[in-house]
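Undergrad:
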Amino acid sequence: MNMILKQAVFAIFMLMFLYSSIHLCFGATDKITTTHFLKDGEANFIASRGGTFEMGFFSPANSENRYVGMWYKNISVRTVVWVANRKVPLTSRTGILKIIEPGRLVLLNGTNDVLWSTNISRSVQNPIAQLLDSGNLVVKEAFDDTGNFLWQSFDHPTDTLLPGMKLGWNFVTGREVYLSSWKNEEDPAPGDYTYHCDPSGYPQNVMKKGSDVVYRSGPWNGRSFTGSQNSRECPFYTIGVFSSKTEVYFRYKLTSSVIVRLILSQNGVLQLWTWGDVKRDWVPFLLIPADNCDTYKLCGSYGSCNSQDFPVCGCLDKFVPNNSEAWKKTDWSGGCVRRTELNCLQGDIFLKYSHVKLPDTRNSRSNVSMTEEECKNLCSKNCSCMAYSNAEIHNEASGCILWFEDLLDIRQVPEGGQDIYIRMAASEADSLEKSDEKKRKVLHWILPLSVGVILVTLSMLIYHRRRRKTLELKKKGRSGFSGNYNMDYNGSCAEEFEIPLFDLSTIMKATNNFSINRKIGEGGFGPVYKGILEGQEIAVKRLSRTSTQGENEFKNEVLYIAKLQHRNLVKILGCCSDGEEKMLIYEYLPNGSLDSFIFDDTPNKVLDWPKRFHIINGIARGLVYLHQDSQLRIIHRDLKANNILLDKDMNPKISDFGLAKICEEDDAGAMTNRVVGTYGYLSPEYALYGKYSVKSDVFSFGILVLEIVSGKSNRKFSHSDHNLNLLGHAWKLYKEGYIIFTALLMNYMENDKESERRKEPREEFRSREN
């Protein structure tokens, strides 16, 4: 009896084990096959292999209807990113999602009627549906890993654009991929708003309500949308519009492990959300439209919108309201007209308008191979051509766009935008000359009077300033400067910071009048030129007049570089301040910046492993000096490959202290609302929350070490198996049990074109690893 009881208990346990194993196995699968279905009412799902996404049946909000949808698996707030049967809901929990031959994915109701199915152009013998970690549901041949899909959900999005998804047109198939909002929270059926990548004229993104455009991004110039206030660089994703003869599409790609989704809301707002692990909720990062000026053609033809003005709409210069009475009542729909009518037979001119969102390009023509002069000549010969722009097109500086109708949807973009040349009557040239003549007459009388007042005022200011400075120096002494030093810069770097002052004529002679042939680089501060001063090679950093941060960077450079002396910091030789001209003179480092060696194939060969270690060690010594051994604790805040310069012996020197900050000894960190630096090198707490400390530099140093070791750029790194940047790839290798540097080094050495020359070091490295 006991034996029978034991056998029964054992059998029960075995059945329970087998049931749970089968249940877990099916629950964890990422595939739907001809034998494994997805059934509603049985609480089973499919999940992507990495556990990012999950798919099953659900009911939105307070609705009782049932849908097949996809959502993030490991996020506490269920966030649906795709719906299969958004137009035809199930009214009961009897739905079955299954794959049938010859390769169709079908949704059946309780009476086996097909409510929704995929369309295919060919058949396969062993079809499966698989949920990928990218959020793409694909139908394919079971053992085909070539990416030759029969169907994919990325071609049929709902209201959400996931990283890697293409938004645009395939001209071969004639298919457009676009977003469409939900009707409301309870109904995922297509709503009023859609978001498209419009290829007509020149590629740009547009939002529509029904058939009417309500928002336009402006054309893509290779780096950003010219009219968008939000298409800036970001620490965790990159965006781009890609164009060829067969397709045009918009896409964004993640550069970090942050969870991101772009959704078109039911109210017609395009929102970029990031998942906050601290708040355990979605955090809005970007909203479009951003302000009133994002409203399509708000100010009518030839009207210009400026969100900083009140009212926001105004006419372009040399234009007047088409209907003055309506304009006064803030009805700007009639737009503006030229105050002087065109007369093409008598000859027209083109006036330049700068920092604008280029007009709607849907009725424009473009040519990427024209110079500005060629573009102007082409537009001049056609009386229907209303404007032209020598705008950048896909990173091409010689692009030409021509407009043949009234210019619509213009806005001012003070810190961006592009130049446009608008056709005007020839008499407007005379009005410009008359206006200039009046200005000259006024200046003729005003200048002599104002110069005397200014000279007297300056003399008094200089006297009082020097007297105050003398009193301060007597109190503080000249041995150093305190951690709370407040720089009140007056332009005399030689007097305030005790470094040599050179006059402008000397620097102009040294650089051959700032010849373009002497230009060796450019940054946020301005251009850098090579020069010869008293037989010594120098580098001259010249403040650009159009730089928005140059003045502050100039002050920081003088403040920190003049006081800090270390073999691994760039050395300043002097300065020049003459009116608006402000320059810093540095030692010239013939090998340039580190990025030209580690990211370029040709010079990369001279960096053997001892040199790489030498460079890493030198950068570390420079950072230790800044963080611990100098008079102050300095946080560099912009440590990256092109801010590391190399002298003739390949010794590294940290440069560009324009964004540096002083950190008190007892400070754990500081906060800022203005995050500066280079994305890809910023620590997460600084990029996302504005918190920085010496640890921020250490994080940037870690990224830099990865780049030096691997020869790959963190921001530009790509891998066929995932969308991670270099840092994410290294972390993935670490979690998979690899030693990060070993894996990266071996990968680099195996792929080196001169593998035979590196054979001995590689085997030595392997023996050390063993």
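Residue numbers for the sequence shown, in mature numbering (1 follows the signal peptide of the UniProt record, and there is no 0): -27 to -1, 1 to 743. Glycine included, every Cβ here is placed at the ideal spot set by N, Cα and C. As the structure is a prediction and not an experimental result, all values here were calculated from the model.
If distances are taken between C-alpha atoms only, which option among L237, V256, D250, V310 comes closest to C272?
TA: Position 299 of the sequence shown, counting from 1, holds the residue named residue 272. Ranking L237, V256, D250, V310 by Cα distance to C272 puts V310 first.
Undergrad: Going by DSSP, which residues form a beta bridge with C356?
TA: Within the sequence shown, residue 356 is the residue found at index 383, counting from 1. Beta-bridge pairing links C356 to no other residue.
Undergrad: Go ahead and label T119 buried or exposed: buried means 16 or more other beta carbons lie within 10 angstroms of its beta carbon, across all protein chains shown.
TA: Here residue 119 is taken as the residue at index 146 of the sequence shown, counted from 1. With fewer than 16 Cβ atoms within 10 Å of its Cβ, T119 is classed as exposed.
Undergrad: Here's the rule I'm using: 16 or more other beta-carbon atoms within 10 Å means buried, otherwise exposed. How should N58 be labelled?
TA: The residue labelled residue 58 in the question sits at position 85 within the sequence shown. Classification for N58: buried.
Undergrad: Does the Cβ of G547 have 16 or more other Cβ atoms within 10 Å, making it buried, or fewer, making it exposed?
TA: Walking along the sequence shown from the start, residue 547 turns up at place 574. Its Cβ being crowded by 16 or more others within 10 Å, G547 is buried.
Undergrad: When you compare each of F586, D392, R189, L632 to G496 by their alpha carbons, which one comes out closest?
TA: Translated into the one-based positions of the sequence shown, residue 496 becomes position 523. Out of F586, D392, R189, L632, L632 has the C-alpha closest to the C-alpha of G496.
Undergrad: Unbroken alpha helix (DSSP H) runs of length 4 or more, entirely within the region 485 to 573: which are they?
TA: The region 485 to 573 contains these whole alpha helix (DSSP H) runs: 523 to 536, 568 to 571.
Undergrad: What are the boundary residues of the beta strand (DSSP E) that W582 is part of?
TA: Locating residue 582 in the sequence shown gives position 609, counting from the first residue. Taken as a continuous stretch (DSSP letters only), W582 belongs to no beta strand (DSSP E), being part of the alpha helix (DSSP H) at 582 to 597.
Undergrad: If you run the structure through DSSP and keep just helix, strand and coil, what is K668?
TA: Taking the sequence shown and counting its residues from 1, one reaches residue 668 at position 695. K668 falls in the helix class under three-state DSSP.
Undergrad: Taking A102 as the reference, which of V79, I261, E158 has the closest Cα?
TA: Position 129 of the sequence shown, counted from the start, is the residue given in the question as residue 102. The candidate whose alpha carbon is nearest that of A102 is V79.
Undergrad: Is the beta carbon of L123 sitting closer than 7 Å to the one on G76?
TA: The count along the sequence shown starts at 1 and reaches residue 123 at position 150. The count along the sequence shown starts at 1 and reaches residue 76 at position 103. Taking 7 Å as the Cβ cut-off, L123 and G76 qualify as a contacting pair.
Undergrad: How long is the line joining the alpha carbons of T91 and H129, rounded to whole angstroms?
TA: The sequence position of residue 91 within the sequence shown is 118, counting from 1. The sequence position of residue 129 within the sequence shown is 156, counting from 1. So the alpha carbons of these two residues sit roughly 10 Å apart.
Undergrad: Quick check: the Cα distance between N194 and N47, rounded to an integer number of angstroms?
TA: For the purposes of this step, residue 194 is taken as the residue at position 221 of the sequence shown. For the purposes of this step, residue 47 is taken as the residue at position 74 of the sequence shown. In a straight line, the C-alpha of N194 is about 38 Å away from that of N47.
Undergrad: Does the region 352 to 365 come close enough to the region 382 to 393 that 3 or more CB-CB pairs lie under 8 Å?
TA: yes
Undergrad: Name, in chain order, the residues that DSSP records as bridge partners for H169.
TA: Residue mapping note: residue 169 aligns to position 196 of the sequence shown, counting from 1. Answer is V179, bridged to H169.
Undergrad: Going by beta-carbon coordinates alone, are T313 and A398 separated by less than 7 Å?
TA: In the sequence shown, the residue the question calls residue 313 occupies position 340. In the sequence shown, the residue the question calls residue 398 occupies position 425. The Cβ-Cβ distance between T313 and A398 falls below 7 Å.
Undergrad: Between the C-alpha atoms of N157 and P657, what's the straight-line distance to the nearest angstrom?
TA: Here the question's residue 157 lines up with position 184 in the sequence shown. Here the question's residue 657 lines up with position 684 in the sequence shown. Here the alpha carbons of P657 and N157 stand approximately 35 Å from one another.
Undergrad: Based on DSSP bridge pairs, tell me the residues matched to M43.
TA: Counting from 1 along the sequence shown, the entry for residue 43 is found at position 70. Bridge partners of M43 according to DSSP: M28, W55.
Undergrad: I'd like the span of the alpha helix (DSSP H) that includes K626, first residue to last.
TA: Here residue 626 refers to the residue found at position 653 when the sequence shown is read from its first residue. First-last for K626: 625 to 627, but that is the beta strand (DSSP E), not the alpha helix (DSSP H).
Undergrad: For N295, which of helix, strand or coil comes out of DSSP?
TA: What you label residue 295 is simply residue 322 of the sequence shown in a count that begins at 1. Coil, per DSSP.
Undergrad: Considering only the beta carbon of each residue, do Y269 and V145 sit closer than 7 Å?
TA: Position 296 of the sequence shown holds residue 269. Position 172 of the sequence shown holds residue 145. No; because the gap between Cβ atoms is not below 7 Å, this pair is not in contact.
Undergrad: Which residue or residues does DSSP assign as beta-bridge partners of S277?
TA: Here residue 277 refers to the residue found at position 304 when the sequence shown is read from its first residue. G287, I383, per the DSSP bridge assignment.
Undergrad: Checking 7 Å against the spacing of the C-beta atoms, do R39 and G68 come in under that value?
TA: By 1-based counting over the sequence shown, the position of residue 39 is 66. By 1-based counting over the sequence shown, the position of residue 68 is 95. Yes. Within cutoff.
Undergrad: Pull up the CB-CB distance for K584 and M623, whole angstroms please, since I reckon it's below 8 Å.
TA: Here residue 584 is taken as the residue at index 611 of the sequence shown, counted from 1. Here residue 623 is taken as the residue at index 650 of the sequence shown, counted from 1. The pair is a contact, with the Cβ atoms about 6 Å apart (cut-off 8 Å).
Undergrad: Give the DSSP bridge partners of A20, in chain order.
TA: Here residue 20 corresponds to residue number 47 of the sequence shown, with the count starting at 1. Paired residue(s): E27.
Undergrad: Can you round the beta-carbon distance between Q177 and R196 to whole angstroms, since I take them to be within the 8 Å contact cut?
TA: Reading the sequence shown from its first residue, position 204 is the one you call residue 177. Reading the sequence shown from its first residue, position 223 is the one you call residue 196. About 14 Å separates the two Cβ atoms, so there is no contact after all.
Undergrad: Throw me the rounded Cβ distance for the E554 and L477 pair, which I believe falls under 8 Å.
TA: In the sequence shown, counting from the first residue as 1, residue 554 sits at position 581. In the sequence shown, counting from the first residue as 1, residue 477 sits at position 504. Confirmed, about 6 Å.
Undergrad: Say whether the region 217 to 231 touches the region 167 to 175, bearing in mind that this needs 3 or more beta-carbon pairs closer than 8 Å, one atom from each stretch.
TA: As far as the Cβ criterion goes, the region 217 to 231 touches the region 167 to 175, which means the pair count is three or higher.
Undergrad: I'd like the span of the beta strand (DSSP E) that includes A102, first residue to last.
TA: As a working note, residue 102 is residue 129 in the sequence shown. Counting along the chain, the beta strand (DSSP E) containing A102 begins and ends at 100 to 104.
Undergrad: How close, in whole Å, do the beta carbons of Y175 and S339 come, if the pair is a contact with beta carbons under 8 Å?
TA: Working through the sequence shown from its first residue, we reach residue 175 at position 202. Working through the sequence shown from its first residue, we reach residue 339 at position 366. Confirmed, Cβ separation roughly 5 Å.
Undergrad: By the three-class DSSP mapping on this structure, what secondary structure does C272 have?
TA: Residue numbering aside, residue 272 sits at position 299 when the sequence shown is read from its first letter. Residue state, collapsed to three classes: coil.
Undergrad: Mark R148 as exposed unless 16 or more other C-beta atoms lie within 10 angstroms of its C-beta, in which case mark it buried.
TA: Against the sequence shown, residue 148 aligns to sequence position 175. Counting Cβ neighbours within 10 Å, R148 comes out exposed, since fewer than 16 surround it.
Undergrad: Taking the C-alpha atoms as reference points, what is the distance between W89 and V61?
TA: Here residue 89 refers to the residue found at position 116 of the sequence shown. Here residue 61 refers to the residue found at position 88 of the sequence shown. Roughly 7 Å separates the two Cα atoms.
Undergrad: What residue from S306, Y275, I545, D304 has the CA that sits closest to W376's CA?
TA: Counting from 1 along the sequence shown, the entry for residue 376 is found at position 403. For the residues S306, Y275, I545, D304, the minimum Cα distance to W376 belongs to Y275.
Undergrad: In terms of alpha-carbon separation, which member of N85, R234, M138, I511 lies closest to V111?
TA: In the sequence shown, residue 111 corresponds to position 138, counting from 1. Checking every option, the nearest Cα to that of V111 belongs to M138.
Undergrad: Three-state secondary structure (DSSP) at E378?
TA: Here residue 378 is taken as the residue at index 405 of the sequence shown, counted from 1. Here E378 sits in coil by DSSP.
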